[in-house]
Amino acid sequence: MRLVLLGPPGAGKGTQAERLVARYNIVPLSTGDLLRVAVAVGSALGLKVKDVMARGELVPDDLVVALIAERIDAPEAKNGFILDGFPRTVKQAEALDRLLSERRLKLDAVVELKVDEHMLIERVEKRIAETRAKGHAVRADDDPAVLKQRVANYRKQTAPLSDYYRRKGVLLVIDGMQPVDKVEADIEQALQARVPAGG
Ligand code: AMP
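Counting from 1, position 62 in the sequence shown corresponds to residue 44 in the working numbering; the numbering is continuous, with no gaps.
1) Could you tell me if the beta carbon of S83 falls within a distance shorter than 8 Å of some heavy atom in the ligand AMP?
2) Would you mind reading off the limits of the beta strand (DSSP E) that contains E99?
3) Out of curiosity, what's the CA-to-CA distance linking L27 and A20?
4) How many Å lie between L81 and E39 at the Cα?
5) When DSSP labels each residue in this structure, what does A91 get in the three-state scheme?
6) So V97 and M35 are in contact, right, with Cβ under 8 Å, and what is the actual spacing, rounded?
7) Put S83 into one of helix, strand or coil per three-state DSSP.
8) Taking the C-alpha atoms as reference points, what is the distance between V23 and V128?
9) Nearest to D183 by CA position, among N135, G117 and I110, is which residue?
Below you can see the structure in the form of structure tokens.
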């Protein structure tokens, strides 16, 4: 199973990605997570992207495309993957199409989580509180001012991907405002309808 998860920051992509990974035995590929690890370990890539990420802006396409290509080629991804946070722009979606067709692979579905923008700040504030409660460090970009920037980026650069994937006939739109379990069940149902078991 090869999936893309689309949705603005705070839409619940991370939570749903975890559940899909467990259900389909596929690997999670989150460019945000991979980049945060690079920043944390202070790699050359991390040093390049640290400030851009802290401002809530997008890092250059070539860097994320290379990161994803490497992960798709890893043996762990043989059974499939779920992309979370990539592609973020139509350019990246086109790069992904090229990457996949070179490997004779295709996406089974693109799952878009729809949420009202006014809920996003609330959700990210909740994520900050939960992270603190666990004693973990809060993400540098989980901050209300930066979040506004990230949502604006999403609207401008990422939202056009819905049309891109709708035209390709792979888009599944799910109401992300529902309780987590219901969102999961709706995704499952939509995937079953699209990708029958064994198919
Ligand atoms: P995320 O965890 O997906 O919200 O990503 C956190 C930050 O990482 C974003 O605000 C960007 O700075 C950077 N980032 C993650 N994925 C991408 C991507 N596909 N293209 C460009 N920048 C990205």
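Just so it is clear, CB atoms sit at the ideal spot from N, CA and C, and this is done for glycine as well.
Straight from the coordinates:
1) At a threshold of 8 Å, S83 does not count as near the ligand AMP, since its beta carbon sits no closer than that to any of the ligand's heavy atoms.
2) Not the beta strand (DSSP E): E99 falls in the alpha helix (DSSP H), residues E99 to A115.
3) Each residue's Cα considered, the two are about 6 Å apart.
4) Rounded to the nearest whole angstrom, the CA to CA distance from L81 to E39 is 24 Å.
5) Residue state, collapsed to three classes: strand.
6) No, V97 and M35 are not in contact; Cβ-Cβ is about 22 Å, not under 8 Å.
7) The three-state secondary structure of S83, taken from DSSP, is helix.
8) For V23 and V128, the distance between alpha carbons rounds to 23 Å.
9) Nothing in the structure corresponds to residue 183, since the chain is present only between -17 and 181.
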